[in-house]
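Below you'll find the structure, written out as structure tokens, and then a few comments.
Residue numbers (my numbering): 1 to 284.
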């Protein structure tokens, strides 16, 4: 609903079709002021410049990244999230973790985004499981509200990476839950990226509570990926895309579309079409 409101605001103010705004900062005039009231702890769309709209003709999720569609006011009240089902809590929570991780390893990361991402990773690792286990745990809901907002601060400035670029295609093709797609893809993209910034992933392991004493940087980096998998499994996230009905014959075109996604620009390691297909295959 946040992204729908952003899209309406952009077109109302600037005219044309929503497809005209795909890409980075395509708007020319300010949009109508938007007050965003959040009911999930995950997307951070209530405070970011990102707007994701599905093109129903091409079955592709368009990434609109425009500072003018940032809401004027964002309201995050954990009491509005108490009724959120466990499955949605898990999916949106993993979306937030993906935001933090991708921003942390982004080529556009900086000390400010690092601080936000680090705190978000720590808080999500601590509080997502309790929030899924008991939706009325207001302490967990409150912590996840802050964590997803911090993750939003991080990726709103450092952007994202291949996980989101690829997850957008899965959502467009199959209408799958975005957070679930992110959660399944995240460890596989981390494995691909690891060679580019192992020290970053090693730090993520520490932030997630892994004892990295005595481990090499590479071993600690792999421990982070293992911790991500364990967290996903513990909250009921499917282990692979096959469980969601994803077909091998669609991977090539989804990989092609993913490479056109704005989120690809700041991934720490560049992939060609064949490599993106292989990441999809590994996640099946």
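We put the beta carbon where it would ideally sit given N, CA and C, even for glycine.
Quick one, which of 114, 10, 169, 215 has its alpha-carbon nearest residue 30's? Working through the chain shown from its first residue, we reach residue 30 at position 30. Closest option to residue 30, Cα to Cα, is 10.
Excluding the 5 residues preceding and the 5 following residue 218 in the sequence, name in chain order all residues of the same chain whose CB lies nearer than 7 Å to its CB. Mapped onto the chain shown, residue 218 falls at position 218. Excluding sequence neighbours, residue 218 sits near 198.
Bounding residues of the alpha helix (DSSP H) (the contiguous stretch that carries residue 254): Position 254 of the chain shown, counted from the first residue, corresponds to residue 254. Per DSSP, residue 254 belongs to the alpha helix (DSSP H) from 251 to 258.
Enclosing beta strand (DSSP E) for residue 286 [first to last residue]: No answer is possible for residue 286: it lies beyond the span of the chain, which begins at 1 and ends at 284.
Would you call the stretch 117 to 135 in contact with the stretch 160 to 171, where contact means no fewer than 3 C-beta pairs closer than 8 Å? With a cut-off of 8 Å, the stretch 160 to 171 and the stretch 117 to 135 do not count as touching, because too few Cβ pairs lie within range.
For residue 103 and residue 114, the rounded distance between their alpha carbons: One-based indexing of the chain shown puts residue 114 at position 114. One-based indexing of the chain shown puts residue 103 at position 103. For residue 114 and residue 103, the distance between alpha carbons rounds to 8 Å.
Taking 8 Å as the cut-off, does the stretch 71 to 85 touch the stretch 36 to 49 (at least 3 CB pairs, one atom from each stretch)? Yes, the stretch 36 to 49 is in contact with the stretch 71 to 85.
Candidates 130, 152, 126, of which the one nearest residue 227 by Cα: Numbered from its first residue, the chain shown carries residue 227 at position 227. Distances from the CA of residue 227 to each of 130, 152, 126 were compared; the closest alpha carbon is that of 126.
Could you tell me how far apart the beta carbons of residue 66 and residue 106 are, in whole angstroms, since I believe they sit closer than 8 Å? Position 66 of the chain shown, counting from 1, holds the residue named residue 66. Position 106 of the chain shown, counting from 1, holds the residue named residue 106. Going by Cβ atoms, the distance from residue 66 to residue 106 rounds to 18 Å, so no, they are not a contact pair.
Residue 108, DSSP secondary structure in three states: On the chain shown, position 108 is the one that residue 108 refers to. Residue 108 falls in the coil class under three-state DSSP.
Using a Cβ-Cβ cutoff of less than 6 Å, which residues in the same chain neighbour residue 123 once the five nearest sequence positions on both sides are dropped? On the chain shown, position 123 is the one that residue 123 refers to. Hits under 6 Å: 143, 147.
Please list the terminal residues of the continuous beta strand (DSSP E) segment that includes residue 28. If you number the chain shown from 1, residue 28 lands on position 28. No beta strand (DSSP E) holds residue 28; DSSP gives it neither H nor E.
The stretch 13 to 25 / the stretch 149 to 157 touching (three or more Cβ pairs under 8 Å): Result no; under three Cβ-Cβ pairs closer than 8 Å.
Bounding residues of the alpha helix (DSSP H) (the contiguous stretch that carries residue 218): The count along the chain shown starts at 1 and reaches residue 218 at position 218. Where residue 218 is concerned, the enclosing alpha helix (DSSP H) starts and stops at 217 to 234.
Could you check the C-alpha separation between residue 206 and residue 159 for me, to the nearest Å? Taking the first residue of the chain shown as 1, we reach residue 206 at position 206. Taking the first residue of the chain shown as 1, we reach residue 159 at position 159. Taking the straight line from one Cα to the other gives about 23 Å.
Measure the CB-CB distance between residue 97 and residue 194 and report whether it falls below 9 Å. As a first step, residue 97 must be located in the chain shown, where it is residue number 97. As a first step, residue 194 must be located in the chain shown, where it is residue number 194. Against a cut-off of 9 Å, the Cβ pair of residue 194 and residue 97 comes out as no contact.
Determine, using beta carbons only, whether residue 186 and residue 101 come nearer to each other than 9 Å. Taking the chain shown and counting its residues from 1, the one referred to as residue 186 is at position 186. Taking the chain shown and counting its residues from 1, the one referred to as residue 101 is at position 101. Going by C-beta atoms, residue 186 is nearer than 9 Å to residue 101.
For residue 92, which residues from the same chain have a beta carbon less than 7 Å from its beta carbon, with the 5 sequence-adjacent residues on both sides left out? Working through the chain shown from its first residue, we reach residue 92 at position 92. Excluding residues up to 5 positions away in sequence, 40, 41, 42, 43, 179 lie with their Cβ nearer than 7 Å to the Cβ of residue 92 in the same chain.
Whose C-beta lies closer than 7 Å to the C-beta of residue 204 among residues of the same chain, with five residues either side of it excluded? For the purposes of this step, residue 204 is taken as the residue at position 204 of the chain shown. Residues 101, 104, 121, 224 of the same chain have their beta carbon placed closer than 7 Å to that of residue 204, with the five preceding and five following residues left out of the count.
Among 14, 240, 64, which has the Cα closest to the Cα of residue 263? Position 263 of the chain shown, counting from 1, holds the residue named residue 263. Comparing Cα-Cα distances from residue 263 to each of 14, 240, 64, the minimum goes to 64.
Whole angstroms are fine: how far does the CA of residue 95 sit from the CA of residue 234? Numbered from 1 along the chain shown, position 234 holds the residue referred to as residue 234. Numbered from 1 along the chain shown, position 95 holds the residue referred to as residue 95. Their Cα atoms are separated by approximately 15 Å.
Are residue 183 and residue 90 touching if we call contact CB-CB under 9 Å? Within the chain shown, residue 183 is the residue found at index 183, counting from 1. Within the chain shown, residue 90 is the residue found at index 90, counting from 1. Yes, the Cβ-Cβ distance between residue 183 and residue 90 is below 9 Å.
Find out if the Cβ-Cβ distance for the pair residue 279, residue 162 is shorter than 9 Å. Taking the chain shown and counting its residues from 1, one reaches residue 279 at position 279. Taking the chain shown and counting its residues from 1, one reaches residue 162 at position 162. The answer is yes: Cβ separation under 9 Å.
What are the boundary residues of the beta strand (DSSP E) that residue 184 is part of? Residue numbering aside, residue 184 sits at position 184 when the chain shown is read from its first letter. From DSSP, residue 184 is part of no beta strand (DSSP E) but of the alpha helix (DSSP H) over 178 to 193.
Between the alpha carbons of residue 191 and residue 274, how many angstroms are there, rounded? On the chain shown, position 191 is the one that residue 191 refers to. On the chain shown, position 274 is the one that residue 274 refers to. Answer to the nearest angstrom: the Cα atoms are 16 Å apart.
Proximal residues to residue 267 (C-beta, below 6 Å), its chain only, five neighbours per side dropped: The sequence position of residue 267 within the chain shown is 267, counting from 1. Result list for residue 267: 161, 162, in chain order.
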